[in-house]
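Report on the structure given below.
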Amino acid sequence: MAVRLAGELDESALRDALWAAAAADPALGECFTVTDGVPVPTTGAQPGLPLLLHDLSDFGQDERARQAEKLVDEAVRAPFDLAHGPLARACLIRSGAQDHTLVVVVHRMAGDHASVGTLLRDTAAAYRSAAAAPGAAPDAAVLPDTAPDAAVLSGPTAEPVAGGQ
């Protein structure tokens with residue numbers, strides 16, 4: 000799923016919030032081995048989700064768009080290591096000081112589209128928590144129980160990006 004974020008963004012707080020939200024989701028820490036042709040869940044991956052940053056702000060508008068599309072495509076198409084994890088990845092594409100795209104990809108064995116929406120909402124809650132107390136680590140305990148529907152981010156304005164799954 001790719002979400003466009005418009006407005007001021009504290010990238011460090013977002014990184015910490017995403018890590019906290021992902022660490023609170025046990026499915027994202029699972030790995031899978033195959034026994035007799037059947038995937039068997041195992042615990043193996045470190046909880047949390049690293050956030051890679053790609054800064055495209057020095058490119059011209061057309062090249063930024065091409066590079067952003069390429070990065071989203073690479074994030075979606077890159078294979079997962081089911082045996083060692085992690086079964087999710089995230090990247091933040093900076094197109095300008097107030098223009099970012101957050102891309103979160105979760106392997107279907109660790110979650111579905113709705114669970115990615117939940118992860119994004121929980122990340123938003125942790126981000127708001129971190130923004131309210133600068134310098135404090137986001138607390139996974141403040142993450143709300145959420146129904147699996149469309150992601151709602153607050154702080155920067157968020158909107159889904161066409162083609163981002």
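First residue of the sequence shown? That's 0 in numbering that gives the first Met the number 0, and the numbers climb one at a time after it. All C-beta atoms in this analysis are idealised placements derived from N, C-alpha and C, irrespective of residue type, glycine included.
Item, Value
"Sub-9 angstroms separation of glutamate 10 and leucine 91 beta-carbons", "yes"
"Buried or exposed (CB count within 10 angstroms, at least 16 for buried), aspartate 121", "buried"
"Alanine 5, DSSP secondary structure in three states", "strand"
"N-terminal and C-terminal residue of the beta strand (DSSP E) that arginine 76 is part of", "Looking at the DSSP string, arginine 76 is not in any beta strand (DSSP E); the run it does join, the alpha helix (DSSP H), is 60-76."
"Separation of glutamine 97 from arginine 107, as counted between CA atoms", "31 angstroms"
"Beta-carbon spacing of valine 89, valine 104 below 9 angstroms", "Sequence inspection shows alanine at residue 89; the valine mentioned does not correspond to that position. Going by C-beta atoms, alanine 89 is nearer than 9 angstroms to valine 104."
"Cβ neighbour criterion (16 or more within 10 Å) applied to leucine 51", "exposed"
"Neighbour-count burial assignment, glycine 36, 16 or more Cβ in a 10 Å radius", "exposed"
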